[in-house]
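J.: According to my numbering, the stretch in the sequence shown is residues 1 to 144, in order.
Input: one structure, supplied below.
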Amino acid sequence: MGFPSVCYTVILPRPVALVVHLLDRIKLAVSMALYCLGLASSHEDHFLFPSPAPPIPPSAVKTRLPVVRFSRFRNTSIHGRDAVCSVCLGALEARHEVRELGNCSHAFHKGCIDKWVDVGQVTCPLCRAQLLPEEREEDAVAAD
1 MGFPSVCYTV ILPRPVALVV HLLDRIKLAV SMALYCLGLA SSHEDHFLFP
51 SPAPPIPPSA VKTRLPVVRF SRFRNTSIHG RDAVCSVCLG ALEARHEVRE
101 LGNCSHAFHK GCIDKWVDVG QVTCPLCRAQ LLPEEREEDA VAAD
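In structure tokens:
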């Protein structure tokens with residue numbers, strides 16, 4: 001059995017192939033000339049080094065992460081065990097204020113995660129998930 005070894009190709013007439021090849025070389029030469037003169041950027045630079053998304057200010061991150069008492073925290077599976085803040089390694093008690101992270105169910109003292117965000121971190125200290133869920137396009141358009 002096995003697969004048939006058939007190769008399907010499109011055969012262009014030789015003059016057409018030469019014209020296409022010549023046009024490609026002309027385009028390359030013009031692009032290189034413009035790049036050397038500083039009038040155009042290299043197209044490859046955009047693919048190799050995409051511009052990073054602008055950083056979210058720490059105040060905006062903190063605003064979007066709700067503060068709740070640990071006793072009301074939505075992840076009740078950790079209430080049976082001794083809950084610990086992974087940042088300060090202190091116990092999380094029912095009266096403590098914690099921040100609910102947007103993408104994972106980890107809890108941290110409000111002050112601990114605020115310091116974490118203030119130094120520019122945007123991921124969970126424990127699992128490295130993004131602190132905030134990705135904005136959908138409709139939400140971004142509605143915010144504008």
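For glycine and all other residues, C-beta sits at the position ideal for the given N, C-alpha and C.
All values reported here derive from a predicted model rather than from experimental measurement.
#1: Figure out for me which residue from Val119, Trp116 and Val67 has the closest Cα to the Cα of arginine 95.
#2: What number of angstroms, rounded off, separates the C-alpha of leucine 89 from the C-alpha of arginine 99?
#3: What does DSSP give as the partner residues of phenylalanine 108 in its beta bridges?
#4: Once DSSP output is grouped into helix, strand and coil, what is the label at threonine 9?
#5: For the alpha helix (DSSP H) that valine 61 lies in, which residues bound it at each end?
#6: Note down, in chain order, each residue of its chain lying with its Cβ closer than 8 Å to the Cβ of glutamate 70, except the 5 sequence neighbours on either side.
#7: According to DSSP, is arginine 69 helix, strand or coil?
#8: Taking the straight line between their C-alpha atoms, what separation do you get for leucine 12 and valine 20?
#9: So proline 125 is in the alpha helix (DSSP H); what residue range does that whole segment cover?
#10: Can the beta-carbon of valine 61 be found less than 8 Å from the beta-carbon of leucine 131?
#11: Between Gly120, Ala129 and Leu126, which lies nearest to proline 55 when the distance is taken from Cα to Cα?
#12: Going by other Cβ atoms of all chains shown within 10 Å of its Cβ, with 16 needed for buried, is leucine 28 buried or exposed?
#13: Going by the CB atoms, is the gap between leucine 101 and cysteine 85 shorter than 8 Å?
T.: In short:
#1: Taking the sequence shown and counting its residues from 1, one reaches residue 95 at position 95. Comparing Cα positions, the closest option is Val67.
#2: By 1-based counting over the sequence shown, the position of residue 89 is 89. By 1-based counting over the sequence shown, the position of residue 99 is 99. Cα to Cα, leucine 89 sits roughly 16 Å from arginine 99.
#3: Locating residue 108 in the sequence shown gives position 108, where the first residue counts as 1. Paired residues: Arg99.
#4: Translated into the one-based positions of the sequence shown, residue 9 becomes position 9. Threonine 9: coil per DSSP, three-state reduction.
#5: By one-based count along the sequence shown, residue 61 stands at place 61. Counting along the chain, the alpha helix (DSSP H) containing valine 61 begins and ends at 58-64.
#6: Along the sequence shown, one-based indexing puts residue 70 at 70. The residue asked about is misnamed: residue 70 is phenylalanine in this sequence, not glutamate. Cβ neighbours of phenylalanine 70 beyond the five flanking positions: Ala83, Leu92, Glu93, Ala94, Arg95, His96, Glu97, Val98 and Ala107.
#7: Your numbering for residue 69 matches position 69 in the sequence shown. It is a strand residue.
#8: Here residue 12 refers to the residue found at position 12 when the sequence shown is read from its first residue. Here residue 20 refers to the residue found at position 20 when the sequence shown is read from its first residue. Going by the C-alpha atoms only, they are around 10 Å apart.
#9: To locate residue 125, count along the sequence shown from 1; it is residue 125. Run containing proline 125: none; DSSP gives neither H nor E here.
#10: Sequence index remark: in the sequence shown, residue 61 carries index 61 (1-based). Sequence index remark: in the sequence shown, residue 131 carries index 131 (1-based). Going by C-beta atoms, valine 61 is nearer than 8 Å to leucine 131.
#11: Taking the sequence shown and counting its residues from 1, the one referred to as residue 55 is at position 55. For proline 55, the nearest C-alpha among the options comes from Gly120.
#12: Position 28 of the sequence shown holds residue 28. Exposed is the call here.
#13: In the sequence shown, counting from the first residue as 1, residue 85 sits at position 85. In the sequence shown, counting from the first residue as 1, residue 101 sits at position 101. No, they are not a contact pair.
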